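Worksheet: the structure to be examined is printed underneath.
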Amino acid sequence: MAMSELNRRRLRNFRRNGRAFWSLVIFSVLFVTAMFAEIVANDKPIVVRYQGDLYWPAYNFYPETAFGGDFGTEAIYRDEAVQCLIISGGREACWDDPEGLIEAVQTGVSDVPRAEQGWMIWPPIPYHYRTINNVGTAPSAPDGNHLLGTDDTARDVLARVIYGFRTSILFTLIVTVIASTIGIAAGAIQGYFGGRTDLVFQRVLEIWASTPGLYVIIILFAILGRSFWLLVFVTILFGWPALVGVVRAEFLRARNFEYVRAARALGVSDRKIMFRHILPNAMVATLTMLPFVVTGTISGLAALDYLGYGLPAGSASLGEMALQAKQNLQAPWLAFTSFFTFAIMLSLLVFIFEGIRDAFDPRKTFR
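Residue numbers for the sequence shown follow the UniProt record's numbering, beginning at 1 and rising by one.
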C-alpha cells in the first residue's frame, strides 16, 4: 500500500528534525538490545554443543542429566563440573578433576575424541539479573567482571539495568497504547456529542479523578498479590483520563467547523466524521500530551517499585535500584547508574515524541 503525500511529508519532517531522529536511532538500538537480554546478559550459554547436538540454554530448560550428570534439575552451567561434562562429552573424570580435564581437552593432550568434544558460547555479560556472585563484599565497586558494580545482594547492576529497562519500556508501551485509546475515544465522544453526554461524562471523570489510586493498588496487592499484569490493569484503570480533556476540547472546537457541517449534510456517519475527519486535526494537541503520559507511566512504575508496591519481589526494576542507591550511600555507583538510566531513557522518549508532534503539525517545517 502506497504512502500518501501527507504521510510522506510527515516522515520527511521527522527525519529533518535531527534531535528526534537520532534519539529514535539510539533508543531503537537500546530497546532491541534489551529485548534480546537473554543473549546479552545471562548466566547460561547462548548455545551449547554436546556430543554433536546443539542446545539453546538461554531460552530452554535442560536438566543436568542431558549432559551426562546425575541430577534432574536444571544444569548449573557456571559450575566447573557441568562445563567439564559438556566439553569432554560426559566423562566420569569430570567429578574428580574438572579443571584438569577441561585444560587437557582445550590444549589437545586428552584422550577425548574430537567428535565428542563440546563447546559453549557465553553472552557478553555472563550474569542474569538474578545471579548472585558471592565473591568479596556487596555492594562491590565496578571492575572488569562487573562493569557497573554489584548491588547489596551481589547481583550484577548492568544486567539488572538491561532487564529493568526492558520491563519499564514494555510496561509503558502496553499502558500507553491501551490507556490512550480509551482516553481518546472517551474524549471524542464527549466533545462531538456535547450536551447531556458531555455533562454526564464530566461528572464521572470528576469522581474517578478523586479516587486515591495508590490506596487501591495497596488493597488489590494485599488481596491478590503483586503481579505485572495486575499492575498494568490498575495503571490503565487510573491512567486513561489523562488525554480526555485535550481531545474533548479539540472536538468541541472542531464539531461546528464548515467541513464537519458539510459532512453531516451529506449523510456521513458520526463515527466516520469523528475518527476520519476531526481526530487527525486533533492529533497535534494529543501528541503534545503524549510525552507526559509516557514519562509519567515510567516514573509511576519506578515510584511504586521504590515504595514496595510495584513489580513482584526479585524482579528487574529500576525503581528498586533507586531504593538500593538510597539505602547504600557508601556505594555511589548505584546512585549514578539510577540517575543516568532514568535521565537518558526519559530524555530520548521526550525528544522522539516532540519530533512526532512537530511532524504532525502542518505549521512546522524543517530545512
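Where a beta carbon is used, it is the ideal one built from N, C-alpha and C, also for glycine. Model, not experiment: these values are computed from the prediction.
Only residues of its own chain outside the window of five on either side were considered, and among them Ala75, Val82 and Leu85 have a CB closer than 7 Å to the CB of Gly69, listed in chain order. When the alpha-carbon of Gly90 is set against those of Tyr59, Arg49 and Arg78, the nearest one is in Arg49. Ranked by how close their Cα comes to the Cα of Ala179, the residues Trp240, Asn256 and Ala285 have Trp240 in first place. Here Met120 carries a strand assignment [DSSP, helix/strand/coil]. Only residues of its own chain outside the window of five on either side were considered, and among them none has a CB closer than 7 Å to the CB of Asp53. Distance check between Tyr59 and each of Pro123, Phe67 and Gly296 places Pro123 closest, using alpha-carbon atoms only. Looking at Leu279, Ala302 and Glu80, the one whose alpha-carbon comes closest to that of Leu318 is Ala302. Arg248 and Gln327 do not touch by the CB rule: their CB atoms are close to 44 Å apart, not below 8 Å. Put simply, of Asp156, Asn134 and Thr131 the residue whose alpha carbon is nearest the alpha carbon of Pro142 is Asp156. In its chain, beyond the 5 residues on either side, Asp43 have a beta carbon closer than 7 Å to the beta carbon of Arg78. With a cut-off of 8 Å on Cβ pairs, the segment 273 to 281 is not in contact with the segment 156 to 176, counting fewer than three such pairs. Under the three-state reduction of DSSP, Tyr259 is assigned to helix. For Leu54, the enclosing beta strand (DSSP E) begins and ends at Asp53 to Tyr55. Boundaries cannot be given for Arg78, as no alpha helix (DSSP H) includes it and DSSP labels it neither H nor E. DSSP lists Glu74 as the beta-bridge partner residues of Pro63. As DSSP reads the structure, Thr150 sits in a beta bridge with Asp156.
When rounded, the separation of the alpha-carbon atoms in Ala34 and Ser210 is 37 Å. Secondary structure at Ala316: coil, using DSSP grouped into helix, strand and coil. Nearest Cα to Phe221 within the set Ile298, Pro312, Val204 and Ser168: Pro312. Non-local beta-carbon contacts of Leu147 in its own chain, meaning distances under 7 Å to residues more than five positions away in sequence, involve Leu158 in chain order.
Its Cα nearest to that of Ile352, the residue Phe21 stands out among Leu11, Asn145, Phe21 and Asn7. Contact annotation, Ala331 with Pro139: C-beta distance approximately 4 Å; criterion of less than 8 Å satisfied. Here Ala302 carries a helix assignment [DSSP, helix/strand/coil]. Counting along the chain, the unbroken beta strand (DSSP E) around Tyr50 starts and ends at Val47 to Tyr50. Note that the C-beta distance between Ile278 and Glu250 is below 9 Å. Short of 8 Å from the beta carbon of Val293, and not among the five residues preceding or following it, lie these beta carbons of its own chain, in chain order: Thr176, Ala179, Ser180, Gly239, Ala242 and Leu243.
DSSP places Ala141 in the coil class of the three-state scheme, outside both helix and strand. Counting of Cβ neighbours within 10 angstroms places Gln117 among the buried residues, the total reaching 16 or more. Contact check for Ala316 against Tyr163 passes: the beta carbons are separated by less than 9 Å. Secondary structure note for Pro332: its alpha helix (DSSP H) is the uninterrupted segment Pro332 to Phe360. Taken atom to atom, the span from the alpha-carbon of Trp56 to that of Val47 is near 5 Å.
Scanning its chain for C-beta atoms nearer than 7 Å, with the 5 sequence neighbours on each side dropped, one finds no residue around Arg253.
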